[in-house]
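So the structure is just underneath, and the comments pick up after that.
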Amino acid sequence: MSEKITSLEEGIKEPYYAESGINNGEKHEETFEPTSMSQHSVEDDRNLQGTKRGLSARHIQMISLGGCIGTGLFLNSGQNIAIGGPAGALIGYCVVGIMVYCVMTCLGEMATFLPVSGSFNHYASRFIDPSLGFALGWNYWNSQSFFFFYIWTSATIINWWKPVMPDAAWSAIFLVLIISINMVGVREACESGIFEKKPEYWIQIFTTKMNQLDFMVNLNIGSLSSRSLLSLYLLLLVTICVSTGGLGGEVIGFKYWHDPGAFAGNGVGTVSVLLTAGFSFQGTEIVGITAGEAKNPTKTVPRAIRNTFWRIIFFYIVTIFLLGITIPSNNPNLLSDDDSAATASFTLVFEKGGIDAGAHVINAIILVSVLSAANSGLYTCSRTLLGLGHDGNAPSILSRTNRYGSPYWAVLLSSIVGFACVFASIYSATEAFNWFLSITSVTGFISWWGIAFVHIRFRRAYKKQGRNLDDLPYKAFLYPISPIFACVLCILIILGQGYTAFTPTFDGVLFVTNYIGIVPAIVCYVLYKLIRKTRVVPLDEVDFDTGRVTRFDMEQDEAAEGESKWYRKLFHIIA
């Protein structure tokens, strides 16, 4: 393999940058006959955007899981069981989980072929219409920017134990810490060596002795996500022990599937779970966002998609199943208005097992999870702004990067929302938090719809230009069924998520709260269309060349994959 790469390198006098403008705008001749893959290197676009390729497949998984495993899993899973019953909740999560996998594979096909920061909003501008790219980009930034309300949540979580400082003080501390982490390079921010060390290094997760440097290093996306996942493993183990009678002394089995029953609400509850389960999965699309900063993207991104999917299946589907057989759906605490750890579904499991400190354990886990989600939120916000600035859909200053490869202006602008959260925490604006979260949640489904819709257009243009599908580094699952299924389901969720505003009587405030999140995307699209007078890009004019991977890139990725030691590969699979 290395000999093949050497021969390719010897055949290249100068990289080919036909339209990228690199090397003072000079064009260079190719000195080798290209294959069916494009002449443009994946590194060209990376150089244009200023970011660095330092993320491995595991880093990408940790960022993605850190963004989607949070309060939605730890606090809201019990509510879904109460609304839909154990079987209804399980069906709802399975359907949405399949849809999420379809969206991820659609995005993965495009991201491995054109690995750029900005991801699907860039693809929308390139494959369909710049107006759609503008609307999707700002829509996604809007959906991710309110992840900073997790910072406000973290303050209330700490004060649940003992109110030592005001919520605003804790919020400010966490916000400054997360901003500082995101100001350094992508590799430093995501692991600082944690994933490249030997397995023994992970033992440090369970130790309490660490110096100041270790503390700062480990407060990053990767380690926070790792702690959340390890904690979830332990929670699931406790749940299994309680259900089988190992803890608490009572063998539960499937008793609660018979009484009070497997379904709740005469089937309508299952539909409600289908609508709400999607909110818990939002954040998985970060896998595609990170493609522009991934090492060996043709290998790391597909692996991250596969592994993230199986982890989602395990953490969400298995969690809902185990909770559904351990806690009866008519338990009044599942629908309690108190959103603290004391009424979380896992806390109820601990109580059944006779573990009195369950609420404290859950509270600590939720704290780590929300900080991880906020960290992932800032990362995706800044990279989305980077892509918008690079495409000319935002001020160009947002595309500037520092010496670490971090888009610092994009980080600072995204952090403004974080400071707004700190300001809100001064007044303990719980209602404002719930209101804004409800408004912006629908934007996540708009983003998923956009990914699937853009992928359909991508394939149509690819086929129209007579290109070979075998040249794609990664192919989406069951095309065209998967993107069509994702598009239809997302539309149904977007339109149906506010059905409660119409029953039993029409509620105008609830209607506005549920559907106003759709308005910004539509306004952005229409205004950009009218001002810029853009047009839909014809299929035969779609640019598949600039920034795409080459055969040389794929050979390099194959070589890098082959050089990895067998024990490191095994550890990566297990970890």
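Using UniProt numbering, read the sequence shown as starting at 1 and increasing by one per residue.
Backbone N, C-alpha and C fix where the C-beta goes; we use that ideal spot for every residue, glycine too.
Quick one: using the 10 Å Cβ neighbour count with 16 as the cut-off for buried, is residue i buried or exposed?
i, result
"residue 200", "A caution first: residue 200 carries a pLDDT of 32, below 50, which makes its placement in the model too unreliable to give a value."
"residue 455", "buried"
"residue 254", "exposed"
"residue 167", "buried"
"residue 530", "exposed"
"residue 396", "exposed"
"residue 282", "buried"
"residue 488", "exposed"
"residue 90", "buried"
"residue 146", "buried"
"residue 481", "exposed"
"residue 414", "buried"
"residue 526", "exposed"
"residue 125", "buried"
"residue 198", "With a pLDDT of 36 at residue 198, under the threshold of 50, the modelled position of this residue cannot be trusted; read the value that follows with caution. That one is exposed."
"residue 129", "buried"
"residue 220", "Low per-residue confidence applies at residue 220: pLDDT is 42, beneath 50, and the placement is therefore not dependable enough to give any value."
"residue 190", "Here the model assigns residue 190 a pLDDT of 47, short of 50, so the residue's position is not dependable, and the following value carries that caveat. Buried is the call here."
"residue 170", "buried"
"residue 391", "buried"
"residue 517", "buried"
"residue 239", "buried"
"residue 176", "exposed"
Taking the Cβ atom as the reference point for each residue, do residue i and residue j lie within a distance shorter than 8 Å?
i, j, result
"residue 132", "residue 451", "no"
"residue 113", "residue 473", "yes"
"residue 127", "residue 548", "no"
"residue 578", "residue 94", "Past the edges of the chain, shown from 1 to 575, lies residue 578, and the structure says nothing about it."
"residue 305", "residue 99", "no"
"residue 309", "residue 232", "no"
"residue 273", "residue 92", "yes"
"residue 280", "residue 76", "yes"
"residue 322", "residue 234", "no"
"residue 278", "residue 96", "yes"
"residue 467", "residue 544", "yes"
"residue 261", "residue 85", "yes"
For the candidate residues the options, whose alpha-carbon lies nearest to that of residue i?
i, options, result
"residue 442", "250, 473, 521, 76", "521"
"residue 121", "140, 502, 408", "140"
"residue 363", "377, 376, 351, 347", "347"
"residue 150", "504, 491, 490, 417", "417"
"residue 351", "250, 169, 367", "250"
"residue 528", "135, 490, 178", "135"
"residue 174", "518, 368, 508, 505", "368"
"residue 388", "94, 467, 279, 142", "142"
"residue 172", "162, 123, 156, 331", "156"
"residue 600", "512, 462, 398", "Nothing can be reported for residue 600, as the shown portion of the chain is limited to 1 through 575."
"residue 483", "505, 447, 252, 241", "447"
"residue 401", "163, 183, 179, 164", "183"
"residue 302", "508, 536, 111", "111"
"residue 178", "379, 469, 507, 478", "379"
"residue 286", "239, 469, 384", "384"
"residue 365", "123, 162, 158, 116", "158"
"residue 311", "331, 284, 335", "284"
"residue 625", "491, 536, 115, 492", "This structure gives no information on residue 625, because the portion of the chain shown stretches from 1 to 575."
"residue 465", "409, 408, 541, 407", "541"
"residue 399", "386, 238, 408, 392", "386"
"residue 161", "332, 359, 252, 478", "359"
"residue 578", "505, 245, 393, 324", "No information on residue 578 is available, as it lies outside the stretch 1 to 575 that the chain covers here."
"residue 407", "165, 241, 180", "180"
Could you round the C-beta distance between residue i and residue j to whole angstroms and report it? I think they count as a contact, below 8 Å.
i, j, result
"residue 411", "residue 382", "4 Å"
"residue 79", "residue 275", "With a Cβ gap of about 12 Å, residue 79 and residue 275 do not count as contacting."
"residue 263", "residue 82", "Actually they do not touch by this definition, with Cβ atoms about 12 Å apart."
"residue 329", "residue 256", "7 Å"
"residue 361", "residue 153", "With a Cβ gap of about 18 Å, residue 361 and residue 153 do not count as contacting."
"residue 445", "residue 494", "5 Å"
"residue 500", "residue 510", "7 Å"
"residue 577", "residue 138", "Because the chain spans 1 through 575 in this model, residue 577 falls outside it and cannot be assessed."
"residue 349", "residue 326", "6 Å"
How about residue i: is its C-beta nearer than 8 Å to some C-beta of chain B?
i, result
"residue 512", "The structure shown contains no chain B; it holds only a single protein chain."
Practice prompt. Mind the definition here: the region 353-361 touches the region 268-281 only if three or more C-beta pairs lie below 8 Å; say whether that holds.
Written response: no
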